[in-house]
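Chemist: Sending over a structure as structure tokens; questions will come in a sec.
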Amino acid sequence: MSRQQFHQEHAGRARAEALRLLEQREALGPRWLAWVATELYALKPPEFASMVRRELERLSNAQSLHGTASSSLH
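Residue numbers (our numbering): 3 to 76.
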């Protein structure tokens, strides 16, 4: 499977996983970053974990820029 095919096949799942992680930020407070790192490390394959990390970064930046709550990103 090519990289492009993998990305297309798993993009929705990566976004859903990133949203799940982001939704825990407020509840976990200062422990969130360490928790996210552990969650990302556990994801397989590594290419999928990278997709989730990039999507999490994109969503976090969008939230910061727009002051939008994660629940409205669904």
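Glycine residues also receive a C-beta, built at the ideal position from the N, C-alpha and C atoms.
1. Assuming Met53 is part of the alpha helix (DSSP H), what are its boundary residues?
2. Which residue comes first and which comes last in the alpha helix (DSSP H) that contains Gly31?
3. What do you get for Met53, buried or exposed, if any count of 16 or more other CB atoms within 10 angstroms of its CB means buried?
4. Here's the rule: buried if 16 or more other CB atoms are within 10 angstroms of the residue's CB, otherwise exposed. What is Glu19?
Modeler: In short:
1. Element bounds for Met53: 48-68.
2. Element bounds for Gly31: n/a, residue is neither H nor E.
3. buried
4. When all chains shown are included, Glu19 counts as buried.
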